Each structure stands twice: as C-alpha cells, then as structure tokens.
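Under this note's numbering, the first residue of the sequence shown is numbered 17, with each subsequent residue one higher.
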Amino acid sequence: MDPWIQHKTIWPTEAKFMSWVRGGIRAGLWKKHPVKLEFLRQNTILTVNTNPRSMKRFPMVKAARCALCSLVHSIKDIEVDHLTGNHSLRSMDDLRAFIEAMIMVTFADLQLVCKPCHKIKSYAEKQGITCEEARAEKLAISLIKEKKDVQWLEERGIVPASSQAKRRTQIIQALQEGL
Ligand SMILES: [Zn+2]
Numbered sequence: 017m018d019p020w021i022q023h024k025t026i027w028p029t030e031a032k033f034m035s036w037v038r039g040g041i042r043a044g045l046w047k048k049h050p051v052k053l054e055f056l057r058q059n060t061i062l063t064v065n066t067n068p069r070s071m072k073r074f075p076m077v078k079a080a081r082c083a084l085c086s087l088v089h090s091i092k093d094i095e096v097d098h099l100t101g102n103h104s105l106r107s108m109d110d111l112r113a114f115i116e117a118m119i120m121v122t123f124a125d126l127q128l129v130c131k132p133c134h135k136i137k138s139y140a141e142k143q144g145i146t147c148e149e150a151r152a153e154k155l156a157i158s159l160i161k162e163k164k165d166v167q168w169l170e171e172r173g174i175v176p177a178s179s180q181a182k183r184r185t186q187i188i189q190a191l192q193e194g195l
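Below is the structure:
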C-alpha cells in the first residue's frame, strides 16, 4: 500500500509524501554534492571588503560573479544553479530520473547566480515566462506591496488605473517598453 494511504496522518496526500522525499534527497545528496562544492570553490574570487564593520579584520572577502546579472556578489548571496536539474518528482516513477540528474551532475550543468536572480529564474520557469517578464512581474508585485505603484506610474507620466490589478499590468507594460 502507498505510504500516503497507509499513513494518512503523516502524509495526507501523495504530494506531501513526494515533497518529503524531494526535501530529503536535496538535503542529503545535493546540499554537499562534491562536484557542486568543487565548482563553487573554483569559481570563487577574492574581492575588496566594503563592509565597514569587518573590512579592517578581513580586507578581502570571498565573492563570485552571477551568471545572470554579471555582478560580483558576496559569497553568502551566491547560490549554485543546476541548469539541467529541473526534473520534477511528482510520483515514485520520477524517482530514478530525479536522483540521476542530481548525482551525475557535471560542471557544464552548473552556474553561479545571486539569490535575487535565482528567485526570478525559478519564478519564470514555474510560470512559463521569460526572465525579463518575471523581473517585471516581481517588481510590479513589490511596488504594489510597498504602496509605491501609483507614485512609480506617475513618475513615468502614466495615469494610474483605478484598480490594483490594472496598475500591475500598467507597470509590467511600462517595464517592457523600457520606461
Ligand atoms: Zn544576479
């Protein structure tokens, strides 16, 4: 019997069970994957520490260049992105392909990205849109959240629409037109 049926109180659904498996594989095999760690080590650079609180003690700090925005970020803001690791694990049938893609990883499958870019890339993949569209949507969402959407539109000579949803579309359109 499937575990999510036999142990309904532990995993009420198959999705919950698969999510637990996914998390376990990521934490156990991916987090400290030796190839991933070596890739990170080889692509780490030393840069001048600009943090006034620690620059005296540590004049140089570890950093890396983001493959998406091309900027150098402190190593704590850098994540390893698995280019070909986008296999889903929705049922036990996906298990082999999911684990194989993870453990057989090579340097060519990896890139270093900063945390904000990584979030945008994941969002774009999930929504089936481009990174530029995702960047525009994310900015629109955060402007609305911070209640700066009306001001943002006015500053660009756009008359803000009456509803939040419409203003969101206006912002996305403005960004796409390069305003
Ligand atoms: Zn970036």
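Even for Gly, the Cβ is constructed at its ideal location relative to N, Cα and C. All of these numbers come straight from a predicted model, not from anything done at the bench.
Three-state secondary structure (DSSP) of residue i
{"i": "Ala140", "result": "helix"}
{"i": "Met34", "result": "helix"}
{"i": "Cys147", "result": "helix"}
{"i": "His49", "result": "coil"}
{"i": "Gly44", "result": "helix"}
{"i": "Lys154", "result": "helix"}
{"i": "Trp20", "result": "helix"}
{"i": "His134", "result": "helix"}
Residue i - containing alpha helix (DSSP H), residue span
{"i": "Arg184", "result": "Gln180 to Gln192"}
{"i": "Asp165", "result": "Asp165 to Glu171"}
{"i": "Met105", "result": "At residue 105 the sequence reads Leu, which differs from the Met that was named. Taken as a continuous stretch (DSSP letters only), Leu105 belongs to no alpha helix (DSSP H), as it is neither H nor E."}
Residues that DSSP places opposite residue i in a beta bridge
{"i": "Gln127", "result": "Asp97"}
{"i": "Lys78", "result": "Leu62"}
Identity of the residue in the options nearest residue i by Cα
{"i": "Ala31", "options": "Cys130, Asp18 and Arg42", "result": "Asp18"}
{"i": "Trp168", "options": "Thr146, Leu191, Glu149 and Cys147", "result": "Leu191"}
Outcome for residue i when other beta-carbon atoms lying within 10 angstroms are tallied against a minimum of 16
{"i": "Gln189", "result": "exposed"}
{"i": "Val175", "result": "exposed"}
{"i": "His134", "result": "buried"}
{"i": "Gln186", "result": "buried"}
N-terminal and C-terminal residue of the beta strand (DSSP E) that residue i is part of
{"i": "Ser90", "result": "Val88 to Ser90"}
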